[in-house]
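These protein sequence lines are chains A and B, in that order. FYI, the numbering for the first sequence is 1 to 722, going by our numbering. FYI, the numbering for the second sequence is 723 to 929, going by our numbering. Beta carbons: idealized from backbone N, C-alpha and C, even for Gly. Note that the structure is predicted; figures quoted are calculated from it, not measured. Structure, as structure tokens:
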Amino acid sequence: MVERKIGWAPQGSHTLVGGEIPRVDGQVKASGQAKYTHDMNSPGTLFAKLLTSPHAHAKVALINLEKAKGVKGVKAVLALVKVGDEIRYEGWPIIAIAAERPEYAEDGLRAVEVKFDPLPHYVDEANLKGAEAAEITDAGEPLKLTRTLGIDKTGDTDEAIQSAAHVHRGFYGVPSITHMCLEPHGSHAAWKDEDLQVALSTQNVSGTATQYALPLGVDAARVAIRCDFMGGGFGSKFAVDAWDVACARLAKVTGRPVRLMLNRSTEMQIAGNRPSAFAEVTVACDAEGHLTAWESHHWGTNGPQGSTIALGMAPYLFKPSNRTCRATGIATHCGPERDWRAPHHPQACALTQTALDDLAAKAGLDSLEFFRRNLDLTNLPHIYRPELEIAARLMDWETKWHPRGQGAGRGAVKRGVGVALHTWGGGPHQSNVTLKVHPDGTIEVLMGTQDNGTGTRTCIAQVTAETFGVPMTAVKVSIGSNQYPQAGPSGGSTTIGGVSGPVRRTAQQALWKILDLAAAKYGVDGNSLFARDGRIWSGETLICTWKQAAGLIGPMPLELRGGPVTEEEGLTSQQVGGVQMAEVAVDIDTGVVRIVKMVAVQDMGLIVNRLLARSQVSGGLIMGIAYALSEERIMDNKTGRFINANFNDYKLPRMGDIGELVVEFYEPESEYNRGVIGLGEPPVISPGAAISNAVANAIGVRVPVLPLTPKRVLDALKGANR
Amino acid sequence: MDPDQTHRREPGLNRRDFLKGSGAAVVVSAAANAAVAQQAIPPQQGIKLFSAAPQSITLNVNGEDKQVTVEPRVLLIDALRNDLNLTSCKDVCDRSSCGACTVLIDGKPVYSCTRFAIEVVGQKIVTAESLHSQVATDEIINTFCKHDGMQCGFCTPGFVMAVRGFCNQNPGATQAACKQGLGGNVCRCGAYDGVLKAAYETAQRQP
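Have a look at this one:
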């Protein structure tokens, strides 16, 4: 008997799921034959470019497009604002021009005459006092820039701090960063009578058509969205933006397809960023190092909306019984935030776990031992405990850790190690699937989902091929179109669970129908049959080939629809824990921090593809190294401008900057049996805290604000922040 | 990749010469035609003058001669992407610092945004598209797939060409040399680990 139950096979018995399988679209990606939105060149395509505001806060005083309209090659000029409109951040789209060639569009932009009346602005995200004192108007009315996001009190924090054995007070900060998707935001739009066909660089293929309907007056049913390949989103590409609507308008007025992709500086200014968070923290523990109290006030900006990371994010992961938290949002004339990989978690993790590490130093405890002693204050101690042991072994923590600043470094170069912990949900989103088994045995899977780089196609193909016992080449996966069954947006680590769950269930149901046909044909008990290696078996007895079995469905394909999974089905779950450790080498003469080694131990339930999962984790480590060491949006208070909004001055790590990366999956049977859980967000959360803690361990002082640039390191060594 | 201008092969021109030449031609062509411009300005040694008007040129790309008509200001990246629909070279940074538009020119890796299209006439240009077809796939492509040297894949063709060029020039390179030699390309997803493994393996295979 083979039990017919929706679910995964026991650990160790899959042939494809859990394997190190190269991605099915790897060859077309690596050879550049994969067509991204950025690459759409359908015949007659016009190139569109934007003129944007150089001011952070201004009123539009004059627009004259006549000269631009006469420029050679320019086909359409569109004003996106009116005289009198208020501009609230640099990069605000003003004019869009479509032309025969990108060079002509540039010529057109240079011929546009626009004047602004500048207004006072505020962009100093770290300066709460300055924000409170700033005299800013909005729409002619005085605007208070700061607003409280609330106070959260549990227990008696004051009493707990007074009676504590060790108390630490500190200031910490994480400035804003951008998403820096290598494929900028944008679209290619073409009209066919009343139908709008859009190639959109989006994480939300199924949910974007309706966003065109209202601004364009087109029926959502007539909007076709495609996104076969997407060059990075990280949470910033869920919406149809004003410039995408402008692109469709330009296509309408010219009667030609139009492509409009943001240029790099505009991409960085307006297409999303991660909110900043700065905090004054007081934290206390008893003589054994058990955390007893946390008090914090954090503030920061997410742009004009005037918010920062959520009040409930502090303290991160470790929740002592006495805590008082306050948060203040600052409205600034900076570009608006968008979800950034693991929204709010990396900032909260950095603010919290650096403060805890400082308290551990004050208590004279090994950081690892301190975190270990307080695991009962976290959500998943049973996961963190074994993960910490694995990480410590891989890092050789016991040998490498030393009391702060007392390592046996050579000359000016000091080494240190640090640790941090994180959690994330990663439950499945709501996705539907159509699965067709053709009479020749090939299988088609259609889903209106997308691939952010995770390997969505590959995972769907693996799960399908595994279920039918056929090679992955027998499976055709079609994604990236809203003409396919509706699937959830790819954000929050929801995709791999969200697609593999419905695909597994629907494939199992289709297989059982075919096994019943085979049972009837060959006179065996259907419940004894299973599919493996392209054959149908009853125990050790070969019944028929998969092709013969599939042929029994008749001339038409067998087509099944499947809906979203529920947690009760056991295919997916949520809430994972991860642990990371960093080893750094810091030159105390120059302030340069180098990553020697990073260790990541990560739980993700059942692993679908080890090769791709490894890429997700090492990618998270590298993005973490970026915001920990070099990446930062720098706003100029005087001009209100984002002065490093370019690839040269906004520093990302290169291949030589990442050190040795060790990725270890935590997948005991207990975690495997939970089913698939998403992995995109978790590994990017801990690096800031782990690296900052390693630097403090190396040099003996805390560098309080990320990224740990040479200047900040040298300032900390000089005692500038004491 | 090759910042040292002296390594450039003829026929080429340096950017300063080009700007002098094109600027002069543009100024004069407002009143006269390009031929007059050539006469109106006394020829200086080593300086080439170009009309601002579109001109028909032949680019040798992936082993084939291709005709395009472009203004002298059109960059190689734009001619490849917009005129020849070879979109493997990606336009990412707008300022020659990310490597996503890397192609091979006479075997060397070059950012295609640092050359004008008219500048590379007579040179052999190779783009990533040439490394994979229905009939044949270059080993480097499969090596990138094997080590998953990609996530979203947008920087990947540029990296593939950078690795190809680097390994051509540095057979047997060490891991440390690979890291240093491939510092001209940026990946945001963080695929460096897989790219490094692919680069190292390719370098060891290189005769």
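Worksheet item: Going along chain B in order, which residues have a C-beta closer than 7 angstroms to the C-beta of L661/A?
Response: The residue given as residue 661/A occupies position 661 in the first sequence. Ordered by position in chain B, the residues that pass the 7 angstroms Cβ test against L661/A are D915.
Worksheet item: Does the distance from the CB of P750/A to the CB of V576/A come in under 8 angstroms?
Response: Chain A is shown only over 1 to 722; residue 750/A falls outside these bounds and no answer can be derived.
Worksheet entry | Short Cβ contact (8 angstroms threshold) for K651/A with S618/A | Taking the first sequence and counting its residues from 1, one reaches residue 651/A at position 651. Taking the first sequence and counting its residues from 1, one reaches residue 618/A at position 618. No. Outside cutoff.
Fill in: Contact belief for G364/A with A331/A at Cβ below 8 angstroms, rounded distance in angstroms
Counted from its first residue, the first sequence places residue 364/A at position 364. Counted from its first residue, the first sequence places residue 331/A at position 331. 43 angstroms between Cβ atoms; not a contact.
Worksheet item: If you check the beta carbons only, do P893/B and C811/B fall under 8 angstroms apart?
Response: Counted from its first residue, the second sequence places residue 893/B at position 171. Counted from its first residue, the second sequence places residue 811/B at position 89. Not in contact: P893/B and C811/B (Cβ atoms no closer than 8 angstroms).
Worksheet item: Name the chain B residues whose beta carbon is nearer than 7 angstroms to that of I658/A?
Response: Within the first sequence, numbered from 1, the residue matching residue 658/A stands at position 658. Neighbours of I658/A in chain B, taken as residues whose beta carbon is under 7 angstroms from its own, are Y914 in chain order.
Item to complete: Please list, in chain order, all residues of the same chain as Y36/A whose beta carbon is under 6 angstroms from its beta carbon, the five residues on each side excluded.
Response: Reading the first sequence from its first residue, position 36 is the one you call residue 36/A. Here the set comprises E183, F229, G231.
Worksheet item: What is the DSSP secondary structure of F229/A, counted as helix, strand or coil?
Response: Working through the first sequence from its first residue, we reach residue 229/A at position 229. F229/A falls in the coil class under three-state DSSP.
Worksheet item: Is it buried or exposed for M556/A, if we count other Cβ within 10 angstroms and need 16 for buried?
Response: Working through the first sequence from its first residue, we reach residue 556/A at position 556. Exposed is the call here.
Worksheet item: Beta-carbon separation of A549/A and A518/A under 8 angstroms?
Response: Taking the first sequence and counting its residues from 1, the one referred to as residue 549/A is at position 549. Taking the first sequence and counting its residues from 1, the one referred to as residue 518/A is at position 518. Their beta carbons are under 8 angstroms apart, which means A549/A touches A518/A by this criterion.
Worksheet item: Where does Q761/B fall in DSSP's three states?
Response: As a first step, residue 761/B must be located in the second sequence, where it is residue number 39. Because Q761/B sits at a pLDDT of 49, beneath the cut-off of 50, its placement in the model cannot be relied upon, and the point is left open.
Worksheet entry | Among L196/A, R226/A, Q197/A, nearest to Q203/A - alpha-carbon criterion | Stepping through the first sequence from its first residue, residue 203/A is reached at position 203. Closest by alpha carbon: R226/A.
Worksheet entry | Beta-carbon neighbours of R229/A, restricted to chain B and to distances below 7 angstroms | If you number the first sequence from 1, residue 229/A lands on position 229. In the sequence under discussion, the amino acid at residue 229/A is Phe, which differs from the Arg named in the question. Residues of chain B passing the Cβ test: G875.
Practice prompt. With 8 angstroms as the threshold, decide whether the Cβ of Y36/A is near any Cβ in chain B.
Written response: Taking the first residue of the first sequence as 1, we reach residue 36/A at position 36. Yes, Y36/A lies at the interface with chain B (some Cβ there is under 8 angstroms from its Cβ).
Item to complete: Kindly identify the DSSP beta-bridge partner or partners of L128/A.
Response: One-based indexing of the first sequence puts residue 128/A at position 128. The partner list for L128/A (beta bridge, DSSP) is empty, contrary to what the question assumes.
Worksheet item: Within 8 angstroms (strictly less), CB to CB, does K830/B reach chain A?
Response: Translated into positions along the second sequence, residue 830/B becomes position 108. No, K830/B does not count as interfacial toward chain A.
Worksheet item: Can you tell which of V814/B, V848/B, N890/B, C874/B has its C-alpha closest to the C-alpha of V825/B?
Response: On the second sequence, residue 825/B is found 103 positions in, with the first residue counted as 1. When only C-alpha atoms are compared, the closest one is V848/B.
Item to complete: Taking only the alpha-carbon atoms, compute the straight-line gap between R249/A and A79/A and give it to the nearest angstrom.
Response: Start at 1 with the first residue of the first sequence, and residue 249/A comes out as number 249. Start at 1 with the first residue of the first sequence, and residue 79/A comes out as number 79. Going by the C-alpha atoms only, they are around 11 angstroms apart.
Worksheet item: Which chain B residues sit within Cβ distance under 8 angstroms of G619/A?
Response: Taking the first sequence and counting its residues from 1, the one referred to as residue 619/A is at position 619. Ordered by position in chain B, the residues that pass the 8 angstroms Cβ test against G619/A are Q873, C911, G912, A913.
Discussion item. I'd like the list of long-range same chain contacts for G407/A, defined as Cβ closer than 7 angstroms, with 5 residues on each side in sequence excluded.
Written reply: For the purposes of this step, residue 407/A is identified with residue 407 of the first sequence, where counting begins at 1. Taken in chain order, the residues that qualify are K414, R415, G416, A698.
Worksheet item: Using the rule of at least 16 other Cβ atoms within 10 Å of the residue's Cβ for burial, across every protein chain shown, is G745/B buried or exposed?
Response: Here residue 745/B refers to the residue found at position 23 when the second sequence is read from its first residue. Annotation note: pLDDT 40 at G745/B (below 50); position unreliable, coordinate value reported separately. It counts as exposed.
Practice prompt. Examine the ligand HEM and report whether any of its heavy atoms sits within less than 7 angstroms of the Cβ of P336/A.
Written response: Absent from the structure shown: the ligand HEM. Ligands present: none.
Discussion item. With a threshold of 8 angstroms between beta carbons, is P929/B in contact with chain A?
Written reply: The residue given as residue 929/B occupies position 207 in the second sequence. Output row for P929/B: interface = no.
Discussion item. So, with DSSP's three-state summary, where would you put P120/A?
Written reply: Here residue 120/A corresponds to residue number 120 of the first sequence, with the count starting at 1. Correct three-state label for P120/A: coil.
Worksheet item: Is the CB of C247/A under 8 angstroms away from at least one CB in chain B?
Response: Counting from one through the first sequence, the residue named residue 247/A turns up at place 247. No - not a single Cβ of chain B is within 8 angstroms of the one on C247/A.
Practice prompt. Could you name the residues of chain B that E103/A contacts, counting a contact when the two beta carbons are closer than 7 angstroms?
Written response: Along the first sequence, one-based indexing puts residue 103/A at 103. Result: E793, R795, V796.
Worksheet entry | Local Cβ density within 10 Å of L918/B, reported as buried at 16 or more and exposed below that | The residue given as residue 918/B occupies position 196 in the second sequence. It is buried - the Cβ of L918/B has at least 16 other Cβ atoms within 10 Å.
Fill in: Sequence-distant residues of the same chain with beta carbon closer than 7 angstroms to A689/A, five excluded per side
One-based indexing of the first sequence puts residue 689/A at position 689. C349, A350, Q353, T354, A420.
Worksheet item: How would you call R338/A, buried or exposed, if buried means at least 16 neighbouring beta carbons within 10 angstroms?
Response: Translated into positions along the first sequence, residue 338/A becomes position 338. Its Cβ being crowded by 16 or more others within 10 Å, R338/A is buried.
Worksheet item: Taking one C-beta from the region 24-35 of chain A and one from the region 564-581 of chain A each time, how about it: are there three or more such pairs within less than 8 angstroms?
Response: Judged by Cβ distances under 8 angstroms, the region 24-35 of chain A makes no contact with the region 564-581 of chain A, as fewer than three pairs qualify.
Fill in: DSSP state of Y666/A mapped onto helix, strand, coil
Your numbering for residue 666/A matches position 666 in the first sequence. Looking at Y666/A - three-state DSSP - the assignment turns out to be strand.
Discussion item. Counting only C-beta atoms, is S778/B closer than 8 angstroms to chain A at any point?
Written reply: Numbered from 1 along the second sequence, position 56 holds the residue referred to as residue 778/B. So no, S778/B is outside the interface.
Worksheet entry | 7 angstroms Cβ cut-off: residues of chain B touching K29/A | Working through the first sequence from its first residue, we reach residue 29/A at position 29. M872, G875, T878, listed in chain order.
Worksheet item: At a Cβ threshold of 8 angstroms, is P343/A touching chain B?
Response: The residue you call residue 343/A lines up with position 343 of the first sequence. Chain B, which has no Cβ nearer than 8 angstroms to the Cβ of P343/A, makes this no.
Worksheet item: Do C900/B and A884/B have their C-beta atoms closer together than 8 angstroms?
Response: Within the second sequence, the letter at position 178 stands for residue 900/B. Within the second sequence, the letter at position 162 stands for residue 884/B. No; because the gap between Cβ atoms is not below 8 angstroms, this pair is not in contact.
Worksheet item: Are the region 265-273 of chain A and the region 638-654 of chain A in contact at 8 angstroms, needing three or more beta carbon pairs?
Response: yes
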